[in-house]
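One structure below.
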Amino acid sequence: MQIILLDKVVNLGNLGEVVRVKDGYARNFLIPSGRARRATASAKQEFEAKRAELEKAAAAKLAESQTVGEKLAGITCKLTQKAGVDGRLFGSVTNADIAEELTKTGFKVTKAQIRMPNGPIKVVGDSKVSVALHTDVLVEITVSVYGETA
3 MQIILLDKVV NLGNLGEVVR VKDGYARNFL IPSGRARRAT ASAKQEFEAK
53 RAELEKAAAA KLAESQTVGE KLAGITCKLT QKAGVDGRLF GSVTNADIAE
103 ELTKTGFKVT KAQIRMPNGP IKVVGDSKVS VALHTDVLVE ITVSVYGETA
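Quick note, in our numbering, the sequence shown goes up one by one and the last residue is 152.
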């Protein structure tokens with residue numbers, strides 16, 4: 003299916019590009035989420051009429067993400083979990099825990115934006131975690147996990 007991208011989509015394309023994707027991906031994800039539209043002649047004309055407005059909104063979203071990223075860069079997120087004497091946690095620290103802690107600190111972050119390359123944290127100590135605020139803005143933060151004995 004041919005679609006027009008209304009937003010930048012990772013590994014697919016930028017705003018305004020006409021790309022070919024599988025029908026299910028377009029129907030079930032891209033079109034309902036508002037990231038794309040079917041590439042018909044009338045849709046292309048409507049898009050060209052709104053192009054400047056959409057580019058302005060995308061630039062504003064990017065600028066907002068960059069300012070939040072500057073504030074978030076270098077922050078240390080401190081979490082306390084129950085741990086054994088050897089430093090291993092009972093359970094783990096997931097992206098949901100980190101997002102919740104960052105939200106308490108005053109940043110609007112969802113668990114889907116947290117990138118944990120090594121999976122959930124299962125030991126006491128410091129770990130590096132990335133936060134994807136925008137497709138072009140990736141900020142690295144430190145997560146310090148402290149253990150409390152059970």
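Quick reminder that beta carbons are idealized off the backbone N, C-alpha and C, glycines included.
Rounded straight-line distance, which links the Cα of residue j to that of residue i
i    : j    : result
R142 : I5   : Inspection of the sequence shows that residue 142 is occupied by Glu rather than by Arg. If you take the alpha carbons of E142 and I5, they lie about 33 Å apart.
P119 : S132 : 8 Å
F109 : V70  : 8 Å
A62  : G121 : 32 Å
Within 8 Å, strictly: CB atoms of residue i and residue j
i   : j    : result
E19 : L7   : yes
S44 : L135 : no
L56 : C79  : no
A54 : A38  : no
Neighbourhood of residue i by C-beta distance below 8 Å, restricted to the same chain and skipping five residues each side
i   : result
A1  : Not covered by the structure: residue 1. The range shown for the chain is 3 to 152.
K10 : N16, L17, A60, T137, D138
Other residues of its chain near residue i: CB distance less than 6 Å, five sequence neighbours each side excluded
i   : result
R22 : Q4
For residue i, the residue or residues it bridges with in DSSP
i    : result
L7   : A38
I143 : V131
E150 : K84
L91  : A85
Own chain partners of residue i with C-beta closer than 7 Å, once the 5 adjacent residues on each side are dropped
i   : result
L74 : F109, V133, V141, I143
D99 : L81
Would you say the stretch 122-132 touches the stretch 86-106, given that touching needs at least three Cβ pairs under 8 Å?
yes
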